[in-house]
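Trainee: Just add 69 to the spot in the sequence shown (first one is 1) and you have the working numbering. All C-beta atoms, glycine included, are put in the ideal place defined by N, C-alpha and C. This structure is in structure tokens; I'll ask about it shortly.
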Amino acid sequence: MNLLHSVGLAVNIAIFFFLATYRQRDPERFKSAYKAALTIALLFVLWIMIPHVRAYGDMVMHQARESRRITAQLHKLSVADLQAEYVRARIVSPNAGLRCMQAERDWDYVCSYMPTPSQSRVRLEFGVIVDETRVLQTSRRVPEGTVLPSPQ
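See the structure below:
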């Protein structure tokens with residue numbers, strides 16, 4: 070606020086000086102000084118506005134990203150469709166007990182299955198990223214309960 074008060078005081082002094090010496094001025098020099106003063110004032114106003122314009126731009130970009138993220142989540146391949154797609158494409162055997170659920174982070178879904186239910190009791194799991202109609206990326210298979218690798 071001190072800066073604004075200082076600028077206000079400077080403007081008042083400039084106006085007083087202008088009114089006091091108005092008749093003694095050369096019109097051409099006055100126009101040149103007037104243009105310079107207006108240019109300085111405009112540049113000062115623009116300089117003051119830069120942080121506000123940047124903050125507004127950041128807010129708009131954040132809202133656009135958030136909107137795209139929410140829209141993408143609403144239109145993703147469902148868990149049932151994902152499981153059906155894996156069984157139909159024979160990526161996972163129908164008797165492997167495939168279960169997919171919403172992932173907490175990084176991946177859209179985390180799926181687990183038993184690769185050989187009659188021979189082993191170890192379930193494997195993998196992360197899946199999907200869009201509206203298809204699987205975009207899967208992680209490597211890891212034993213259930215271990216940390217999934219991050220998407221690339």
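Check each candidate in Glu-213, Ser-75, Thr-202 and Arg-210 and name the one with the smallest Cα separation from Ser-147.
Mentor: By 1-based counting over the sequence shown, the position of residue 147 is 78. With distances taken between Cα atoms, Ser-147 lies closest to Thr-202.
Trainee: Roughly how many angstroms lie between the CA atoms of Val-191 and Tyr-182, to the nearest whole one?
Mentor: Along the sequence shown, one-based indexing puts residue 191 at 122. Along the sequence shown, one-based indexing puts residue 182 at 113. So the alpha carbons of these two residues sit roughly 9 Å apart.
Trainee: Give the DSSP bridge partners of Met-170, in chain order.
Mentor: Along the sequence shown, one-based indexing puts residue 170 at 101. The partner list for Met-170 (beta bridge, DSSP) reads Val-179.
Trainee: Can you find the residues in the same chain that come closer than 8 Å, C-beta to C-beta, to Pro-218, ignoring five residues on each side of it along the sequence?
Mentor: Indexing the sequence shown from 1 puts residue 218 at position 149. Contacts found: Gly-196, Ser-208, Arg-209 and Val-211.
Trainee: Are Val-199 and Lys-145 touching if we call contact CB-CB under 8 Å?
Mentor: For this step, residue 199 is matched to residue 130 along the sequence shown. For this step, residue 145 is matched to residue 76 along the sequence shown. Closer than 8 Å, so yes.
Trainee: I need the boundaries of the alpha helix (DSSP H) containing Gln-206, first residue and last residue.
Mentor: Reading the sequence shown from its first residue, position 137 is the one you call residue 206. Segment 204 to 207 is the beta strand (DSSP E) holding Gln-206; no alpha helix (DSSP H) there.
Trainee: Which class does Glu-154 belong to by DSSP, given the choice of helix, strand or coil?
Mentor: On the sequence shown, residue 154 is found 85 positions in, with the first residue counted as 1. Correct three-state label for Glu-154: helix.
Trainee: Let me check understanding here. Comparing Cα to Cα, which of Cys-169, Ser-187 and Glu-135 lies closest to Glu-213?
Mentor: Taking the first residue of the sequence shown as position 1, residue 213 is located at position 144. Among Cys-169, Ser-187 and Glu-135, the Cα nearest to that of Glu-213 is on Cys-169.
Trainee: Give the range of the beta strand (DSSP E) segment to which Leu-193 is assigned.
Mentor: To locate residue 193, count along the sequence shown from 1; it is residue 124. Element bounds for Leu-193: 193 to 199.
Trainee: Look up Pro-212 in the DSSP assignment and give the residues it is bridged to.
Mentor: The residue you call residue 212 lines up with position 143 of the sequence shown. In the DSSP output, where bridge partners are listed per residue, Pro-212 has Leu-193.
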